[in-house]
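Asks: Mind having a look at this structure? Questions to follow.
Residue numbers (the working numbering): 185 to 359.
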């Protein structure tokens, strides 16, 4: 009878130890999930507040892009000017009963539409090196950290240079 009670107590103690181990594992898993969730929230906020703007600014300000856009705008302006000049002539000829031509135009004999089409083609096939850097970051599992390294926030960088953290007015440095 005493042997039965001892066996039952050992069994209950073993079950309690297993349950406590499962509780510890669950608590560790919960803490890990909370930490991961907090990290995801911080990453999302950085991407929303700074990251996307940095990426867009980098692509728009890339020298390759600005040169291609400048060329595209110039070719579109030329094509528009020639089309406007031709339309004006087409309205003037019936009124004046004479034959105005585009010989005086700076674009006489120039195929501005082909030049515009070529500029559009160049722009559509444009390769921007900054996009390659962004793609490389996005392929990694820690893509937000890599993007942060690629696009250091000027305020954060300024805080690091002054020797302090954000909001401490740079009083943490040495004299």
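In this text, a Cβ means the ideal position worked out from N, Cα and C, and glycines have one as well.
Counting Cβ pairs closer than 8 Å, one from the segment 223–237 and one from the segment 319–334, do we hit at least three?
Replies: Enough Cβ pairs lie closer than 8 Å, so yes.
Asks: What are the boundary residues of the alpha helix (DSSP H) that includes residue 297?
Replies: Here residue 297 corresponds to residue number 113 of the chain shown, with the count starting at 1. Where residue 297 is concerned, the enclosing alpha helix (DSSP H) stretches over 296–308.
Asks: Can you say whether residue 379 is buried or exposed, counting buried as having 16 or more other CB atoms within 10 angstroms of its CB?
Replies: Nothing can be reported for residue 379, as the shown portion of the chain is limited to 185 through 359.
Asks: Between which two residues does the alpha helix (DSSP H) carrying residue 312 extend?
Replies: By 1-based counting over the chain shown, the position of residue 312 is 128. Per DSSP, residue 312 belongs to no alpha helix (DSSP H) and is neither H nor E.
Asks: Is the beta carbon of residue 300 closer than 8 Å to that of residue 259?
Replies: Here residue 259 refers to the residue found at position 75 when the chain shown is read from its first residue. Here residue 300 refers to the residue found at position 116 when the chain shown is read from its first residue. Yes; because the gap between Cβ atoms is below 8 Å, this pair is in contact.
Asks: Is it the case that the segment 245–256 contacts the segment 305–314, given that we only count it when at least three CB pairs across the two stretches are under 8 Å?
Replies: Contact between the segment 305–314 and the segment 245–256 is present, because at least three Cβ pairs lie under 8 Å.
Asks: DSSP on residue 293, reduced to helix/strand/coil?
Replies: Position 109 of the chain shown holds residue 293. In this structure, residue 293 counts as coil in the three-state DSSP scheme.
Asks: With distances taken from CA atoms, which of 221, 194 and 335 is nearest residue 314?
Replies: Reading the chain shown from its first residue, position 130 is the one you call residue 314. Residue 314 has its Cα closest to that of 335, out of 221, 194 and 335.
Asks: Using the C-alpha atoms, what's the distance from residue 213 back to residue 220?
Replies: Stepping through the chain shown from its first residue, residue 220 is reached at position 36. Stepping through the chain shown from its first residue, residue 213 is reached at position 29. Taking the straight line from one Cα to the other gives about 10 Å.
Asks: Report the rounded CA-to-CA distance for residue 323 versus residue 317, giving the unit in angstroms.
Replies: Locating residue 323 in the chain shown gives position 139, counting from the first residue. Locating residue 317 in the chain shown gives position 133, counting from the first residue. Roughly 10 Å between the two C-alpha positions.
Asks: Leaving out the 5 sequence neighbours to the left and right, which residues in its chain are closer than 7 Å to residue 297 when beta-carbon positions are compared?
Replies: Residue numbering aside, residue 297 sits at position 113 when the chain shown is read from its first letter. Only 263 meet the Cβ criterion.
Asks: Using the C-alpha atoms, what's the distance from residue 231 back to residue 242?
Replies: Walking along the chain shown from the start, residue 242 turns up at place 58. Walking along the chain shown from the start, residue 231 turns up at place 47. So the alpha carbons of these two residues sit roughly 14 Å apart.
Asks: Would you report the Cα separation of residue 202 and residue 194, rounded to the nearest angstrom?
Replies: Translated into positions along the chain shown, residue 202 becomes position 18. Translated into positions along the chain shown, residue 194 becomes position 10. The straight-line gap from Cα to Cα measures roughly 12 Å.
Asks: Return helix, strand or coil for residue 325, following the three-state DSSP convention.
Replies: If you number the chain shown from 1, residue 325 lands on position 141. Note: residue 325 maps to coil in three-state DSSP.
Asks: Helix or strand or just coil, what does DSSP make of residue 203?
Replies: Counting from one through the chain shown, the residue named residue 203 turns up at place 19. It is helical.
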